[in-house]
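Chemist: Pasting a structure here, questions to come.
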Amino acid sequence: MAESARPAAPEPIGIAGYVSPYPYLDLLQEKMEERLARKVPIKGRFCGFCYARLRDTDAACGFCGSAVAAHGTVEEIPQEVLRLYKAKQRTEALWVHSGAFFGLIIAAALFLVLVLWGPGLLGHPAVGFAVLIGGGYVLAQLFGTFIGAQIGYRKGARRRDRDWARWLAARGDS
Ligand SMILES: [Zn+2]
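Here it is as structure tokens:
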């Protein structure tokens, strides 16, 4: 087929504009967070390549696609690997919380400006409180859940992926 006949498809941009070179790490993040919170048993049968939990009948890993025969299995997820996921989780949470806090600070500043200098009805404390509560909620969502989460994801995932590359290299898988 000629190059020009192809439909123009938008480039995939991944989550928050970052495409992980290791898509299975994103799939595993939630599982690893459950393991970190000890919501699932520590011992088990894990993929020898990516450390995803395997069912007894699995011949290939459902996360990284490795054949179990090729990479074997391990009984426990290495601590160093769990640490990669924990660092990602923490970075993301820090950005969400800091962003939300920043949003609340702005709402508090708006509240003060309105109460101190708001002309006429805008200076009424009820308006100020509405801005403080409603604006605080909206701004905390905007800067935390929306903007902060995206920045946190990008920073956390980049670092996790870099550390995973190091882990693979150290293991001899590069
Ligand atoms: Zn795997």
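Here the numbering used here is used: the first residue of the sequence shown is 53, the next is one more, and so on.
Every residue gets a Cβ at the ideal spot worked out from N, C-alpha and C, and that includes glycine.
(1) Given a cut-off of 7 Å, decide if residue 100 and residue 125 are closer than it, judged by their beta-carbon atoms.
(2) Collect the residues with a C-beta less than 6 Å away from any heavy atom of ligand 1 and give them in sequence order along the chain.
(3) Who are the Cβ neighbours of residue 72 in its own chain at under 8 Å, not counting the five residues just before and after it?
(4) Report the option in 133, 182, 146, 145 whose CA atom is closest to the CA atom of residue 163.
(5) Quick one: any contact between the stretch 138 to 148 and the stretch 175 to 189, if contact means 3 or more CB pairs under 8 Å?
(6) To which residues of the same chain is residue 167 closer than 8 Å at the C-beta, ignoring the five residues directly before and after it?
(7) Based on the DSSP output, what are the partners of residue 70 in its beta bridges?
(8) Below 7 Å between beta carbons: does that hold for residue 200 and residue 159?
(9) Whose C-beta lies closer than 7 Å to the C-beta of residue 69 among residues of the same chain, with five residues either side of it excluded?
(10) Return the Cβ separation of residue 215 and residue 136 in integer angstroms, given the expectation that the two are a contact with Cβ distance under 8 Å.
(11) If residue 196 sits next to residue 152, beta carbons under 8 Å apart, how far is it from one beta carbon to the other, in whole angstroms?
(12) To the nearest angstrom, how far is the alpha carbon of residue 119 from that of residue 203?
(13) Write down the C-beta distance between residue 156 and residue 84 rounded to the nearest angstrom, noting that I regard them as a contact closer than 8 Å.
(14) Between which two residues does the alpha helix (DSSP H) harbouring residue 193 extend?
Modeler: So, from the data block:
(1) yes
(2) 99, 101, 102, 104, 113, 115, 116, 118
(3) 66, 78, 209, 213
(4) 182
(5) no
(6) 175, 177, 180
(7) 67
(8) no
(9) 206
(10) 5 Å
(11) 3 Å
(12) 35 Å
(13) Between residue 84 and residue 156 the Cβ distance is about 31 Å, and since that is not below 8 Å, they are no contact.
(14) First-last for residue 193: undefined, no H or E at that position.
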